[in-house]
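Inspection log for the structure reproduced underneath, given as structure tokens.
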Amino acid sequence: ETERTQRKDYHQLFSAQGRDLGTSQPFCNPMPGFPSKENPDGGLGTTSLNGGLINEKELSKGIFNLTPTPLSDEEINLLSRGLKFAPNRRANNFELYIDLKKFIRSLTIKRHFLLHPPEIKTGGEGIDVDYRFRPKSHFFPTHSKGPFLETFEHLVDQQFQNMMKGTNRNKKNCFPNLNKKEENTLKRLIERDDVIIREADKGGGIVLMTTTYYLQEAAHILGDKDTYSVLKCDPTSRFNVELQTILNRAKERGTISQKNYDFLYQKTPIIPIFYFLPKTHKRLPNPPGRPIISGINSLTANLSAYVDSRLQKYAQGAPSYVKDTKSFLQEVENIEWDPEYSWATLDVTSLYS
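Note that UniProt numbering gives residue 271 to position 271 of the sequence shown, counting from 1, and the numbers run on in steps of one.
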């Protein structure tokens with residue numbers, strides 16, 4: 001919890017809707033075929049990234065600056081730390097106290113089930129016993145703490161109180177990992193509303209785009225009438241009723257349990273969030289975007305995870321199933337190549353939207 005708070009300011013600038021999108025791995029070398037001081041034409045007659053010559057220092061740090069404004073050395077050094085970099089902040093005593101109590105609860109539950117092993121439930125026909133698909137439990141058997149755990153909690157509470165007093169007296173007990181100049185640089189970047197910063201779709205680079213271009217590319221993606229259509233109203237309420245009907249029917253038939261139902265039915269779902277990652281490996285200076293729909297806490301988010309878990313065994317049993325790259329290499333290693341064979345690839349468009 002504390003670490004998440006420490007990242008807040010940084011991720012207001014560098015993440016999409018509060019999710020980690022970054023990487024600390026630099027894009028090693030300037031891309032061939034683009035203008036540089038030594039090769040203004042880029043060898044391919046291409047245009048520059050930002051209307052001028054490429055700043056090789058930016059590119060060597062994995063930074064694609066597609067805005068007309070060059071970055072300062074401080075901005076380059078700050079961005080080169082990666083989008084997962086979290087500046088140190090003074091500890092939030094309230095959040096630390098909550099984390100402490102959560103830890104005590106976790107230890108208490110472990111002790112409780114060690115002393116009182118639960119019966120293994122196999123469930124009836126069709127009843128799901130997968131504990132992943134249940135609401136978060138608030139179970140806290142305080143009677144199972146025992147003297148040792150209570151003593152431990154008391155000692156840690158005392159230490160925490162002493163630490164809080166020291167924190168209030170000494171404001172310099174936090175060791176920053178940014179100097180004053182870097183902190184000011186971060187603040188200036190956060191306050192800029194003319195720049196959008198995203199991770200590159202591939203290669204681990206960091207891309208700076210003007211807000212105008214970002215909105216134009218987003219409108220271009222959403223303007224594909226074969227994929228998207230404009231809604232006259234928000235259909236969430238109607239879909240919510242339909243989902244509730246389906247889940248009630250499944251519960252009555254014994255396909256899911258009441259706890260599964262509580263997990264799968266979102267009473268207050270959010271609208272999924274659209275954003276895109278720039279495909280710098282496809283085209284510069286105006287890279288196309290890879291659209292992503294983030295459905296966390298949306299109406300069908302939990303249901304999708306549940307259905308996916310049920311389909312896994314069928315997908316893995318298909319003759320064409322390939323788990324990952326390593327599995328593919330193991331498969332082709334045993335193939336005796338014939339001159340009549342040919343390799344073919346398929347390009348998936350908008351996989352996450």
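C-beta: ideal position from N, C-alpha, C; glycine also.
> Can you name the start and end residues of the alpha helix (DSSP H) that L277 belongs to?
Replying inline: Boundaries for L277: no alpha helix (DSSP H) harbours it, while the beta strand (DSSP E) harbouring it runs 273 to 278, taken from the DSSP string.
> How long is the line joining the alpha carbons of F140 and T300, rounded to whole angstroms?
Replying inline: 30 Å
>> Is the beta carbon of I98 closer than 9 Å to that of L79?
In response: no
> Which value, in whole angstroms, describes the spacing of the CA atoms of K326 and V332?
Replying inline: C-alpha of K326 to C-alpha of V332: approximately 10 Å in a straight line.
> Tell me which same chain residues have a C-beta within less than 6 Å of the C-beta of H112, skipping the five on either side of it?
Replying inline: P141, S144
>> Using a Cβ-based criterion (distance less than 8 Å to any ligand heavy atom), does L299 qualify as near the ligand GTP?
In response: The ligand content of the structure shown is nil, which means the ligand GTP is not present either.
> Would you call the stretch 68 to 82 and the stretch 218 to 228 in contact, with 3 or more CB pairs under 8 Å?
Replying inline: Too few Cβ pairs lie closer than 8 Å, so no.
> Who are residue 355's beta bridge partners in DSSP?
Replying inline: Residue 355 falls outside the range modelled here, since the chain spans only 1 to 353, and no answer is possible.
> Is there contact between the stretch 83 to 91 and the stretch 303 to 319, where contact requires at least three CB pairs shorter than 8 Å?
Replying inline: no
>> Taking the beta strand (DSSP E) that E199 belongs to, which residues open and close that run?
In response: 195 to 199
> Since R249 is in the alpha helix (DSSP H), which residue starts that stretch and which ends it?
Replying inline: 236 to 252
> Alpha carbon to alpha carbon, what distance is there between T212 and G203?
Replying inline: Each residue's Cα considered, the two are about 24 Å apart.
>> On a Cα-Cα basis, can you pick out the residue from T69, T245, F263, R283 that is closest to S304?
In response: F263
>> Taking 8 Å as the cut-off, does the stretch 188 to 202 touch the stretch 266 to 278 (at least 3 CB pairs, one atom from each stretch)?
In response: yes
> Quick one, which of P70, F148, D73, E74 has its alpha-carbon nearest L107's?
Replying inline: F148
> With 9 Å set as the bound, which would you pick, yes or no: does the beta-carbon of E199 sit closer than that to a beta-carbon of chain C?
Replying inline: The structure shown has no chain C; it contains just one protein chain.
>> Does L96 come out as helix, strand or coil in the three-state DSSP assignment?
In response: helix
> Do I206 and L83 have their CB atoms nearer than 9 Å?
Replying inline: yes
>> If I follow the unbroken beta strand (DSSP E) through S294, where does it start and stop?
In response: 289 to 294
> What are the partner residues of T210, as DSSP defines its beta bridges?
Replying inline: T210 is bridged to V195.
> Per DSSP, S298 is paired with what?
Replying inline: I270
> Residues in its own chain within less than 7 Å of Y306 by CB, not counting five upstream and five downstream?
Replying inline: F133, L264
> What do you get for N55, buried or exposed, if any count of 16 or more other CB atoms within 10 angstroms of its CB means buried?
Replying inline: buried
> The alpha helix (DSSP H) spanning F263 covers which residue range?
Replying inline: 258 to 264 is the span of the alpha helix (DSSP H), which, as asked, contains F263.
> Using DSSP with H/G/I as helix, E/B as strand and the rest coil, what is residue 363?
Replying inline: Residue 363 is absent from the model: the chain starts at 1 and stops at 353.
> Roughly how many whole angstroms lie between the Cα atoms of E150 and M164?
Replying inline: 21 Å
> Counting along the chain, where does the beta strand (DSSP E) carrying F64 start and finish?
Replying inline: Its beta strand (DSSP E) spans residues 63 to 65.
> When we look at the beta-carbon of I271 and count the other beta-carbons within 10 Å, is it buried (16 or more) or exposed?
Replying inline: exposed
> Looking at the structure shown, is M31 part of a helix, part of a strand, or coil, going by DSSP?
Replying inline: Residue placement at M31 cannot be trusted, given a pLDDT of 43 that sits under 50; what the coordinates show is reported in the next sentence. In the structure shown, M31 sits in coil (DSSP, three-state: anything other than H, G, I, E or B).
> Secondary structure at W337, three-state DSSP: helix, strand or coil?
Replying inline: The DSSP-derived three-state label of W337 is coil.
> Exposed or buried, what is A16 when buried is set at 16 or more other beta-carbons lying within 10 Å of its beta-carbon?
Replying inline: With a pLDDT of 39 at A16, under the threshold of 50, the modelled position of this residue cannot be trusted; read the value that follows with caution. That one is buried.
> In angstroms, rounded to a whole number, what distance separates the CA positions of K180 and E153?
Replying inline: 38 Å
>> Which of the three DSSP states is assigned to T46 in this structure?
In response: Reliability of the predicted coordinates at T46 is poor, the pLDDT of 37 falling under 50, and the value obtained from them is presented with this limitation in mind. Three-state DSSP puts T46 in coil, outside helix and strand.
>> Let me confirm a value: E58 is counted as buried when at least 16 other C-beta atoms fall within 10 Å, else exposed. Which label applies?
In response: That one is buried.
>> Looking only at its chain, what residues have a beta carbon closer than 6 Å to the beta carbon of M209, apart from the 5 residues adjacent to it on each side?
In response: L66, I196
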